[in-house]
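Asks: At position 236 of the sequence shown (counting the first as 1) the number is 236 in full-length UniProt numbering, and the numbers step up by one without a gap.
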Amino acid sequence: MTHEPGTTVRPQDDGTLRWGVLGATSYIATHLMPAIAATDGCALTAVASRPGRAAAAAELGRPFGAAAHRDYAALLADPAIDAVYIPLPNTDHVEWTLRALEAGKHVLVEKPMAMDEDGCARIEKAAEAASRTVMEAFMYRFHPQQRRAAEILASGEIGELRVVRASFAYRIESGSGNIRLDPDLGGGATWDVGCYAVDAPLLFFGRAPRRVRARFSSRPGLAVETSAVATMDFGEGRSAVVDYSIDYGPRAAYELQGTRGTVMVRNAWAMSGEDGVVTVLTHDGVREETVPAADHYQLQVEAFARAVRDGVPAPMPLSDSRRTARVGSALVASAAAGGAAVNTADDASGAL
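#1: For the alpha helix (DSSP H) holding M33, just list the boundary residues, first then last.
#2: Mind checking M271: buried by the 16 CB within 10 Å criterion, or exposed?
#3: Report buried or exposed for N343, applying the criterion of at least 16 other Cβ atoms within 10 angstroms of its Cβ.
#4: Residue ranges of each alpha helix (DSSP H) run of no fewer than 4 residues wholly in the segment 179 to 241, ordered along the chain?
#5: To the nearest angstrom, report how far apart W191 and M115 are at their CA atoms.
#6: In or out: E95 buried (at least 16 other Cβ within 10 Å) or exposed?
#7: Mind reading off the beta-carbon distance from V280 to E157? Whole number of angstroms is fine, and I expect it under 8 Å.
#8: Applying the 10 Å Cβ sphere with the 16-neighbour rule, what's the burial state of G186?
#9: Determine, using beta-carbon pairs with one atom in the segment 46 to 55 and one in the segment 302 to 316, whether at least three such pairs fall under 8 Å.
#10: Using the beta-carbon count (16 or more within 10 Å), is R10 buried or exposed?
#11: Let me check one thing: in DSSP terms, what residues is D243 bridge-paired to?
#12: Please work out which residues of its chain come closer than 7 Å, Cβ to Cβ, to D247, disregarding the five sequence neighbours upstream and downstream, and give them in chain order.
#13: Starting from the C-beta of A340, find all residues in its chain whose C-beta is less than 8 Å away, skip the five residues before and the five after it, and write them out in chain order.
#14: Where does H3 fall in DSSP's three states?
#15: Put L352 into one of helix, strand or coil per three-state DSSP.
#16: From the DSSP output, which residues share a beta bridge with A137?
#17: Identify which residue in P112, I86, A230 and T91 has its Cα closest to the Cα of L101.
#18: Kindly indicate which three-state DSSP category L88 falls into: helix, strand or coil?
#19: Measure from the alpha carbon of V107 to the alpha carbon of each residue in A80, G119 and A137, then state which is nearest.
#20: Using only the alpha-carbon positions, how far apart do G188 and R215 sit?
#21: Do you know whose CA, among D71, L299 and M232, lies nearest G52's CA?
#22: Using a 10 Å radius around the Cβ and a threshold of 16 neighbouring Cβ atoms, would you call V332 buried or exposed?
#23: Could you check whether the segment 117 to 136 touches the segment 234 to 253, counting it as contact only if at least three pairs of C-beta atoms, one from each stretch, sit closer than 8 Å?
#24: Thinking Q300 and M113 are a contact (beta carbons under 8 Å), I'd like their distance in whole angstroms, please.
#25: List the residues that DSSP assigns as beta-bridge partners of C42.
#26: Just the Cα atoms here: how many angstroms apart are D184 and D233?
#27: Grab me the residues of P5's own chain with a C-beta within less than 6 Å of its C-beta, minus the 5 sequence neighbours each way, in chain order.
#28: Check the DSSP bridge columns for G261 and list the partner residues they point to.
#29: Between which two residues does the alpha helix (DSSP H) carrying residue 383 extend?
#30: Using DSSP with H/G/I as helix, E/B as strand and the rest coil, what is G328?
#31: Is it buried or exposed, E236, if we count other Cβ atoms within 10 angstroms and call 16 or more buried?
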């Protein structure tokens with residue numbers, strides 16, 4: 001939340017929230033741009049790409065009626081833009097989020113918001129000063145199957161939560177030119193797919209762990225970590241075991257192990273045409289619940305737009321973003337120290 005509860009921050013003119021996208025790619029054009037365009041009260045107004053890709057940006061924005069700016073700074077200078085989505089390389093998230101806030105824009109920024117907690121703190125301070133909303137984009141949180149898993153946990157059916165197991169992975173081919181393989185752009189598995197593996201246990205335990213241990217491995221010929229296995233100690237017999245990778249997959253699964261049973265979500269990345277499936281295992285047997293298909297990208301945009309319009313807390317609070325960045329940094333430090341335990345401060349956080 002970046003402005004006082006109850007304070008209404010309204011978009012311009014007719015009430016439409018006008019969006020700009022910094023960094024037009026085919027993936028963004030497939031998932032985020034349609035989500036913005038399909039959301040009531042939102043319009044995709046402009047796109048911008050890095051120098052030399054203006055024609056490509058224009059082509060991607062054309063189906064949505066979006067204008068193409070020559071560069072990111074030009075888009076931020078456009079007074080017709082109320083909010084921006086930032087899916088740039090990880091190393092650029094803090095800089096361009098701060099610049100967007102200085103330009104008076106609300107910001108939905110791809111995960112990771114920052115690669116350390118200090119970056120998140122700088123963004124939070126700037127958002128407060130600008131009275132603008134900033135939210136880290138964790139689209140998987142907005143799929144109804146995650147809410148259903150949380151409801152089952154809260155009901156007490158599986159008892160007290162003791163262990164979270166999370167596995168998130170997909171393969172990126174060597175030589176593909178993917179920015180996630182470039183260490184100079186914040187590449188590696190941890191700050192990409194690892195963000196989901198970290199977020200799941202933090203979300204369901206509702207706090208940061210006391211300490212973490214991690215082991216990284218790298219595919220031959222690459223200068224970034226491509227797979228990881230980590231453990232998190234939440235104290236009082238509570239823990240998490242996670243793995244994440246850009247060597248294998250696809251996989252986006254987690255389990256909530258309670259004292260009397262387990263809740264399993266087999267595909268946390270279920271896309272708009274796929275039903276979610278939540279499996280519950282207790283001494284009474286096994287049941288599967290089908291959660292109707294939903295576009296979690298659009299649900300994320302809708303939730304962000306409500307926060308902007310109504311002055312309500314963003315559903316992915318900045319305290320959660322700080323926590324995720326802190327734990328991600330600790331995993332990197334642990335792996336660098338050969339898997340040694342690294343302490344992580346505990347904090348309060350938002351709930352699903």
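Even glycine gets a Cβ: it sits at the ideal position worked out from N, Cα and C.
Replies: With the structure as the only source:
#1: S26 to A38
#2: exposed
#3: exposed
#4: 194 to 205
#5: 7 Å
#6: exposed
#7: 7 Å
#8: buried
#9: no
#10: Low confidence applies to R10: its pLDDT is 44, below 50, so where it sits in the model is not reliable, and the reading given next is rough at best. By the 10 Å Cβ count, R10 comes out exposed.
#11: S167 and V229
#12: R171, R219, T226 and S227
#13: R213 and S334
#14: Model confidence at H3 stands at a pLDDT of 35, short of 50, so the residue's coordinates are unreliable; what they give is reported in the following sentence. Three-state DSSP puts H3 in coil, outside helix and strand.
#15: Model confidence at L352 stands at a pLDDT of 48, short of 50, so the residue's coordinates are unreliable; what they give is reported in the following sentence. Correct three-state label for L352: coil.
#16: E110
#17: I86
#18: coil
#19: A137
#20: 13 Å
#21: D71
#22: buried
#23: no
#24: Going by Cβ atoms, the distance from Q300 to M113 rounds to 14 Å, so no, they are not a contact pair.
#25: L17
#26: 31 Å
#27: Caution applies to P5, whose pLDDT of 31 falls short of 50 and renders its modelled position unreliable; the value that the coordinates give is listed next. Correct list: empty, nothing qualifies.
#28: T282
#29: Missing from the structure shown is residue 383; the chain here goes from 1 to 352 and no further.
#30: helix
#31: exposed
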